[in-house]
Amino acid sequence: MKVAIVHDWLVNYGGAERVVESFLKLYPQADIFTLVYDEKKMGKIFPKEKVHTSFVQKLPMASKLYTKLLSVMPKAFESFDLSSYDLVLCSSSSCAKGVITSPGTPHIAYIHTPMRYAWDLFFDYRKRSNKITRFFMDRWMPSIRLWDFVSSQRIDTLIANSSYIARRIKKFWNRDAQVIYPPVNTSRLSPNGKEPEDFYVVFSRFVPYKRVDLAVSACMQLNRKLVVIGSGSGEKELKALAAGNKNITFTGRISDEEVKDYLQRCKAMIFCAEEDFGIIPVECQACGRPVIAFGKGGALETVSDRKTGIFFDRQETDSVVEAIKNFETLAEKGIFSDSSAISEFASAFSEERFIRQIEDAVNKTIQNFKK
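For the record, in the sequence shown the residue sitting at position 361 is 365 according to the working numbering, with numbers rising by one throughout.
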């Protein structure tokens, strides 16, 4: 069977790219189609000979400026000729799911999210944009929304990465979607068998919607130690917020083994984002440590309240402060003392489970085409 895998872009490795990597384990001979490709960053994982890029790749600085080119993305993905393939498998949070396939070719789309900036988060993105960007957003977004809806109707099988995203798909595309949680490499993570140490941890890209600032502010207010792992556009602001406070430690980008070590040793992870799924909290639980999470989005499906973590209900410092206090009270009672049970809960999100469920979904779709 000749398989095409379509992904939005291959410029950095994250959760969405992990999905593509798992697709390739299921279909190692598949070709990959994507908007733009950064061989220096991604060549070891996705070899150049397997990757087919759109005309956007030929533009100067394409792998850096691609996010500014939303207006041409629909045309770019519709320009791929996939007529010779027996199966098209998409991984999409933007326009990848809009490829055109023949009536006889099963098209399965794994949706990380419908475009946030086109739908429910449009006004949030608009507020944070400059005047020129706002002008083009107002001009182009209505047609982008129309294309996004129309292209969603061409998909044969829709798979959402969480029930939260399935609800968004139903809201914006009026389509039902099967839920298959994304793959988490839980096999490389385990508890260290030791008592937790006296610090909390945040592991995130430093971008506004991740709300790392809430964890920093809450720990400063409570005089608690916090290790902040990661980097990003908001790094200067976060370091300015924590300036002079000895309890807040920034590690920058560190290796997977170093991250694992921090996750195994921490009291708990503080997770303040409203995520579509959220792989990092699952990784923390796989290390046997609980999570203090914002109670919206995918975290409600990946954290078990008062068993593997607790929730706070507002993205405000006071709400995080209260959650930390509640967590510590419960921890003193031994609620989170069984690290093996927490790790076992996380194992339900393994890569092996993901590959098995995707294969089942593909087989069912192909069987429906034969009827």
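All C-beta atoms, glycine included, are put in the ideal place defined by N, C-alpha and C.
For A164, which residues does DSSP report across the bridge? I115, V183.
Local Cβ density within 10 Å of L267, reported as buried at 16 or more and exposed below that: Buried, because 16 or more other Cβ atoms sit within 10 Å of the Cβ of L267.
Buried versus exposed, by CB contacts within 10 Å (16 or more), K337: Under this definition K337 is an exposed residue.
Between which two residues does the beta strand (DSSP E) harbouring L230 extend? Run containing L230: 230-233, per the beta strand (DSSP E) assignment.
Bounding residues of the beta strand (DSSP E) (the contiguous stretch that carries F349): No beta strand (DSSP E) holds F349; the alpha helix (DSSP H) holding it covers 343-350.
So with Cβ pairs under 9 Å, would you call L162 a contact of chain B? Judged by its chain identifiers, the structure shown contains no chain B, having just a single protein chain.
For L39, the three-state DSSP class (helix, strand or coil): In this structure, DSSP gives L39 a state outside helix and strand, which the three-state scheme calls coil.
Between E262, T306, I115, which has its C-alpha nearest A297's C-alpha? Here the closest residue by C-alpha is T306.
Would you list the one or two residues that DSSP bridges to L14? Answer by DSSP bridge pairing, in chain order: Y41.
Less than 9 Å between the beta carbons of P379 and V23, yes or no? Because the chain in this structure spans residues 5 to 375, residue 379 falls outside the shown range and cannot be described.
Could you give the distance in angstroms between the alpha-carbon of W123 and the alpha-carbon of E201? Spanning the two alpha carbons is a distance of roughly 42 Å.
Per DSSP, which residues does D309 bridge with? Please list them. Bridge partners of D309: G313.
Rounded distance between the beta-carbons of Q289 and I346, thought under 8 Å: Rounded, the Cβ-Cβ distance is 5 Å, consistent with contact.
Indicate whether V366 and P107 have their beta-carbon atoms separated by less than 9 Å. Cβ atoms of V366 and P107: not closer than 9 Å.
Can you round the beta-carbon distance between D42 and A8 to whole angstroms, since I take them to be within the 8 Å contact cut? Not confirmed; about 20 Å, so no contact.
Quick check on DSSP: helix, strand or coil for F275? Three-state DSSP puts F275 in a strand.
So what's I370 in DSSP terms, helix, strand or just coil? Note: I370 maps to helix in three-state DSSP.
For the ligand ZN, any of its heavy atoms closer than 8 Å to the Cβ of M46? Among the components of this structure there are no ligands whatsoever, and the ligand ZN is therefore not found.
Quick one: residues in its chain with C-beta nearer than 7 Å to the C-beta of N330, no 5 flanking neighbours on either side, listed in chain order? The beta carbon of N330 lies closer than 7 Å to those of I314 in the same chain, with the five residues before and after it left out.
Euclidean distance between Cα positions of M224 and K311: Roughly 26 Å separates the two Cα atoms.
Curious, which full-length alpha helix (DSSP H) runs of at least 4 residues does the region 49-135 contain? Every unbroken stretch of the alpha helix (DSSP H) spanning 4 or more residues and falling wholly within the region 49-135 is given here in chain order: 66-69, 77-82, 126-131.
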